[in-house]
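> With this note's numbering applied, the sequence shown covers 14 to 190.
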Amino acid sequence: MVSDECDHTWKMTNLRDGFIVTEKCYHCNKNRVYFSYEDVPPKDEYKEDDHYWNYAGSAQSVKFDMVCTRCEKTVPFEDLMGLMHCVGCDPECHVNIMSRICEGQNVWLYAALSYQLGEEVDLPVEKLVILTDYFTSRLRTPGKKILVVPGSLTRRPDLCRGEMLKDVGMLSLTPEG
Ligand SMILES: [Zn+2]
Ligand SMILES: [Zn+2]
Ligand SMILES: [Zn+2]
């Protein structure tokens, strides 16, 4: 994984604001999630194959890619929809459980939410490592760390209540709690 000689120093590039939109089919109760670049998330109902998709909620988010300031290697994060800090949705949410353990170790846990064709997928581990390195390096509090874990650890992605990373300055602030 760390095979190239460069000891990468990552920087965000190509920032895009938008929304993570959740839709629900009222026939089969299936959920799906996508990223919208529009100023206001679209809320129209529409039929697609056997599904009747209805707007079920949205969260402001930001998309970005990463570039190394030393070797200029660029890693696209088109597959990342957002980073979420679980604030205690459900006692059985794995992200919630891990967050509570990590807090005692001065580690803030973020779940990387990623979807393809509406279905949840996990980011490759290389990308989770880049995000962990990047956000930890930006923290101003000595000894604090950030750990970015796969989004599928949330118990129910549609129910996991968390704070979305809305802008890039947010993680240098101290989350409450
Ligand atoms: Zn590099
Ligand atoms: Zn359906
Ligand atoms: Zn949760």
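All C-beta atoms, glycine included, are put in the ideal place defined by N, C-alpha and C.
As a quick check of your reading: which residues have a C-beta less than 6 Å from at least one non-hydrogen atom of ligand 2, in chain order?
Ordered along the chain, the selected set is C38, H40, C41, K43, D63, H64.
> My guess is that C102 and R174 are in contact by the Cβ rule of under 8 Å, so how many angstroms apart are they, rounded?
The pair is a contact, with the Cβ atoms about 4 Å apart (cut-off 8 Å).
> Taking the beta carbon of V6 as the centre, do at least 16 other beta carbons fall within 10 Å, making it buried, or is it exposed?
Residue coverage of the chain in this structure runs from 14 to 190, which leaves residue 6 outside it and unanswerable.
> Of all Cβ atoms in chain D, is any one closer than 8 Å to the Cβ of Y147?
No chain D is part of this structure, which consists of one protein chain only.
> If you pair each beta-carbon of the segment 22-38 with each one of the segment 68-83, do three or more pairs fall below 8 Å?
Short answer: they touch.
> Are there any heavy atoms of ligand 1 lying less than 7 Å away from the beta-carbon of K86, as far as the coordinates show?
Checking the Cβ of K86 against ligand 1 gives yes.
> State the beta-bridge partners of Q129 as determined by DSSP.
DSSP lists E132 as partners of Q129.
> Taking the alpha helix (DSSP H) that M111 belongs to, which residues open and close that run?
Segment 107-116, the alpha helix (DSSP H) holding M111.
> Can you name the start and end residues of the alpha helix (DSSP H) that R151 belongs to?
Taken as a continuous stretch (DSSP letters only), the alpha helix (DSSP H) holding R151 covers 138-151.
> Tell me where the beta strand (DSSP E) around M94 begins and ends.
Careful: M94 lies outside any beta strand (DSSP E) and carries neither H nor E.
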